[in-house]
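The structure under discussion appears below in the form of structure tokens.
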Amino acid sequence: MELQIFNVLEEKINRVVRLVENLKTENHELRMRIQELQALLEERERTLYALRVEIEKSKTVQNEIETYKKNQDQIRIKVENLLQKLKAFEDIP
């Protein structure tokens, strides 16, 4: 009878040991996966930062282009006005 109790106890202990080993393996795999995901997250954050910097540069360039176009329009209008005045001057007998 005592031997049977020890056999049952041994089997239960063996199951617990296997379970702990499985949990250790799973824990290790999960930690590795966490490291992979953290590395991926860091890479994505760097990419996101770089994209935000590029967006800001693009906005700056776009603003410069708009300013340039406004200046060009002002110059064109002034030239047209000067040409009209010159033409009016030429039309005087």
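Residues are numbered in our numbering as their position in the sequence shown, beginning at 1, plus a constant of 1145.
Quick reminder that beta carbons are idealized off the backbone N, C-alpha and C, glycines included.
These numbers were taken from a predicted model, which means no experiment stands behind them.
Heavy atom of the ligand ZN within 8 angstroms of residue i beta-carbon
i	result
Glu1190	No copy of the ligand ZN appears in this structure; indeed no ligand is present at all.
Rounded straight-line distance, which links the Cα of residue j to that of residue i
i	j	result
Glu1201	Val1161	58 angstroms
Glu1180	Glu1174	What sits at residue 1180 in the sequence shown is Gln, not Glu. The straight-line gap from Cα to Cα measures roughly 10 angstroms.
Ile1237	Leu1228	14 angstroms
Ile1150	Lys1157	11 angstroms
Leu1231	Asp1218	20 angstroms
Leu1148	Asn1159	16 angstroms
Leu1243	Val1153	For residue 1243 there is no data in the structure shown, the boundaries of the chain being 1146 and 1238.
Tyr1213	Ile1222	14 angstroms
Glu1155	Asn1172	25 angstroms
Ala1195	Glu1235	59 angstroms
N- and C-terminal bounds of the alpha helix (DSSP H) containing residue i
i	result
Asp1236	Neither: Asp1236 is in no alpha helix (DSSP H) and is coded neither H nor E.
Minimum Cβ-Cβ distance from residue i to chain D less than 9 angstroms
i	result
Arg1163	No chain D appears in this structure, which consists of one protein chain only.
Report task. Could I get the ranges of all uninterrupted alpha helix (DSSP H) runs contained in the region 1169-1199, with 4 residues as the minimum, in chain order? Result -> With a minimum length of 4 residues, no continuous alpha helix (DSSP H) run stays inside the region 1169-1199.
Query - Completely contained alpha helix (DSSP H) runs for the region 1200-1228, where each covers 4 or more residues - result: none
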